[in-house]
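Enquirer: Count the sequence shown with my numbering and you get residues 2 to 449, in order.
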Amino acid sequence: MVMTMNEELDESNEKYKFLAFYDALTKLPNRYLFRTHVQASIEKELDFAVVSLDLDNMKHINDMYGQKAGDEYLEFIAQKLSLAVSGEDIAARLNGNQFAILLNQPGDSKLLINKILQLLKVMNSVWEYNEQKIYSSASFGIALYPEHGKEYQELIQNAEIAMFNRKENGKNGYEFFNHDMQEQVLNFIFMRNSLHEAIEKEEFELYYQPQIDQKSGKLVCVEALIRWKHSERGFISPMEFIPIAENTGHILPITMIVLRSAAQQLMIWQKKGYTDLKVAVNVSGHVIEDVETVRQLCRLAVESGIPRKNFEIEVTETAIMRNLEKASKSLEEIHAQGISIAMDDFGTGYSSLTNLHKLPFDILKIDKEFIDTIVRDGEGYIYKAIILLAHNMGLKVVAEGVETKEQYDFLRESECDSIQGYYYARPLPVDEINILLEHELRVEENAG
Ligand code: C2E
Ligand code: CA
Ligand code: CA
2 MVMTMNEELD
12 ESNEKYKFLA
22 FYDALTKLPN
32 RYLFRTHVQA
42 SIEKELDFAV
52 VSLDLDNMKH
62 INDMYGQKAG
72 DEYLEFIAQK
82 LSLAVSGEDI
92 AARLNGNQFA
102 ILLNQPGDSK
112 LLINKILQLL
122 KVMNSVWEYN
132 EQKIYSSASF
142 GIALYPEHGK
152 EYQELIQNAE
162 IAMFNRKENG
172 KNGYEFFNHD
182 MQEQVLNFIF
192 MRNSLHEAIE
202 KEEFELYYQP
212 QIDQKSGKLV
222 CVEALIRWKH
232 SERGFISPME
242 FIPIAENTGH
252 ILPITMIVLR
262 SAAQQLMIWQ
272 KKGYTDLKVA
282 VNVSGHVIED
292 VETVRQLCRL
302 AVESGIPRKN
312 FEIEVTETAI
322 MRNLEKASKS
332 LEEIHAQGIS
342 IAMDDFGTGY
352 SSLTNLHKLP
362 FDILKIDKEF
372 IDTIVRDGEG
382 YIYKAIILLA
392 HNMGLKVVAE
402 GVETKEQYDF
412 LRESECDSIQ
422 GYYYARPLPV
432 DEINILLEHE
442 LRVEENAG
């Protein structure tokens, strides 16, 4: 069939109109149409809720099966959603994997929650791709009009804040916005944005915390602990920014900065004659499961010329369990370079001796939480059994977070190899570590 020019124009006009208000991929209303509907509800002074919906495993699907699969998955979800919303309610795709739902006249909260639970249930379904079953789920954040915002922008932002919160506290569920969340999320946004600049300007400093050998009483190793020196906020703890860096992809460049700086410092100490001193660096699971980055790290270690026997990395068991297969590959490569590997935070996560046995660990670091129970709960016997087991596997044992004389005395009696904690020293800047090292050297010279 041949179309006339006018007909062609009409058709492309229709297409154009459609694309202006609907998402081309999923055919759901887009953000403009969604906003128009929300604004209409505001004008009519209706009771309504704005739900921000984020797909929990979108990234995983894109990473594992590629973008085409990701698009198909979005279409699948969109279809589920449009079937699930009814009447005046609207489901829209705002962008990427972010959807929003307008629930009109939620009336009493019970009814609203029922609607939401129903939607969550719909999201929990099975998507089949290339004969694989993939389980879908979503996280919802909800803002109510007018309590949580009187305008579209505020409502959608607050719904997103609630959704972020939901994701932080475990996915596949819903969360209502509240004003306490706001500060938390604004802080998150601030951190995420300024981390980028911090990396470019290298606004970080490494502190080093001593590990003392039990038998000789000598400083044998220092653990590098990162500090962010923010121009306005002062020092920011790694507990605050490392988890954010991990979730925003900033952890790779940060790890590079830490390794480079720790390697340089190790070389300086070597040249000063502290040839036995070791340096330990923390490496996140996000880095360990990225085998290519691990290779880059190994290259960096080789190129910097550091004696690798003086270099250690610390990984937590939780980090390894994120992707056991890739992590064990990475650990093997690191180990093959002659770098030692410590299992960090033992006693907090899975604490499986099988992992300890199967993977190339050299050191076991017993976490502060566990050390605290020794004296408090009289659980020293468990600790002694673990040390014995670790020694039988050929591992050295480090006790971390040792704060009291009682703990220290107990650890001296047991066969623990070294201790780290405020009882001996806090993490210190390089200058103060140098003072400790010089002091030790003088004591040795006097003794000799
Ligand atoms: P972690 O690896 O378990 O490091 C030990 C943490 O316990 C350090 O906190 C240290 O200051 C603290 N600590 C040591 N002894 C004691 C003690 O006797 N009492 C108490 N209350 N605390 C003690 P910090 O420096 O705030 O680091 C926190 C966490 O941040 C580290 O825990 C580690 O998971 C992470 N982190 C630090 N630097 C880096 C880094 O360069 N890369 C990565 N990926 N993570 C890092
Ligand atoms: Ca550590
Ligand atoms: Ca720890």
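Glycine residues also receive a C-beta, built at the ideal position from the N, C-alpha and C atoms.
Please state the DSSP three-state secondary structure of Glu-224.
Expert: strand
Enquirer: Please enumerate, following chain order, all residues with a beta carbon closer than 5 angstroms to at least one heavy atom belonging to ligand 3.
Expert: This criterion selects Asp-346, Asp-368.
Enquirer: For ligand 2, is there a heavy atom less than 7 angstroms away from the beta-carbon of Glu-315?
Expert: yes
Enquirer: Report the partner residues of Gly-174 according to the DSSP bridge assignment.
Expert: The secondary-structure analysis by DSSP pairs Gly-174 across a beta bridge with Ser-140.
Enquirer: Please give the ranges of any alpha helix (DSSP H) in the region 46–77, keeping only runs that are unbroken, at least 4 residues long and fully inside the region.
Expert: For the region 46–77, whole alpha helix (DSSP H) runs of length 4 or above, ordered along the chain, are 59–66.
Enquirer: Specify the secondary structure class of Phe-242 as computed by DSSP and reduced to three states.
Expert: helix
Enquirer: Quick one: which unbroken beta strand (DSSP E) runs of 3-plus residues sit fully inside the region 324–349? Chain order, please.
Expert: 341–347
Enquirer: Just curious, the beta strand (DSSP E) that Ile-367 is in, first and last residue?
Expert: 364–367
Enquirer: Report back the beta-carbon spacing between Ile-143 and Phe-189 to the nearest angstrom; my notes put them in contact at under 8 angstroms.
Expert: Contact flag wrong, Cβ pair sits at about 19 angstroms.
Enquirer: Please say whether Leu-196 and His-149 have beta carbons closer to each other than 8 angstroms?
Expert: no
Enquirer: Are there any heavy atoms of ligand 2 lying less than 7 angstroms away from the beta-carbon of Glu-247, as far as the coordinates show?
Expert: no
Enquirer: Using a Cβ-based criterion (distance less than 7 angstroms to any ligand heavy atom), does Glu-318 qualify as near ligand 2?
Expert: Flag unset: Cβ of Glu-318 not near ligand 2.
Enquirer: Pull up the DSSP beta-bridge partners for Phe-205, would you.
Expert: Trp-229
Enquirer: Counting only the same chain and skipping the five closest in sequence on each side, list residues whose C-beta sits under 8 angstroms from that of Gln-265.
Expert: Ser-305
Enquirer: For Pro-30, which three-state DSSP category applies?
Expert: If DSSP states are grouped into helix, strand and coil, Pro-30 belongs with the strands.
Enquirer: Is it buried or exposed, Met-344, if we count other Cβ atoms within 10 angstroms and call 16 or more buried?
Expert: buried
Enquirer: Less than 8 angstroms between CB atoms is the rule here; does Lys-172 satisfy it with respect to chain B?
Expert: In summary, chain B is missing from the structure at hand, where a single protein chain is found.
Enquirer: In terms of residue numbering, what span does the alpha helix (DSSP H) encompassing Val-288 cover?
Expert: 286–289
Enquirer: What does Ala-400 pair with, by DSSP beta-bridge criteria?
Expert: Ile-367, Ile-420
Enquirer: Going along the chain, which residues of its own chain have a beta-carbon closer than 6 angstroms to the beta-carbon of Leu-360, five neighbours each way excluded?
Expert: Ser-329, Leu-332
Enquirer: Which residues bound the beta strand (DSSP E) around Val-282?
Expert: 279–283
Enquirer: Which residues bound the beta strand (DSSP E) around Glu-315?
Expert: 312–317 is the span of the beta strand (DSSP E), which, as asked, contains Glu-315.
Enquirer: Quick one: does the C-beta of Ile-420 sit closer than 7 angstroms to a heavy atom of ligand 1?
Expert: no
Enquirer: Out of Ala-281, Asn-324, Arg-377, Leu-29, which has the shortest C-alpha to C-alpha gap to Asn-98?
Expert: The shortest Cα separation from Asn-98 among Ala-281, Asn-324, Arg-377, Leu-29 belongs to Leu-29.
Enquirer: Is Met-344 near ligand 1, in the sense that its beta carbon is under 7 angstroms from a heavy atom of that ligand?
Expert: no
Enquirer: Take the Cβ of Pro-308 as the centre, count every other Cβ of all protein chains shown within 10 Å, and call the residue buried at 16 or more, exposed below.
Expert: exposed
Enquirer: Starting from Tyr-153 and walking both ways along the alpha helix (DSSP H), at which residues does that stretch end?
Expert: Taken as a continuous stretch (DSSP letters only), the alpha helix (DSSP H) holding Tyr-153 covers 153–169.
Enquirer: Please tell me whether Leu-226 and Gln-212 are closer than 8 angstroms, where the distance is taken between their beta carbons.
Expert: no
Enquirer: Between the alpha carbons of Phe-191 and Leu-84, how many angstroms are there, rounded?
Expert: 38 angstroms
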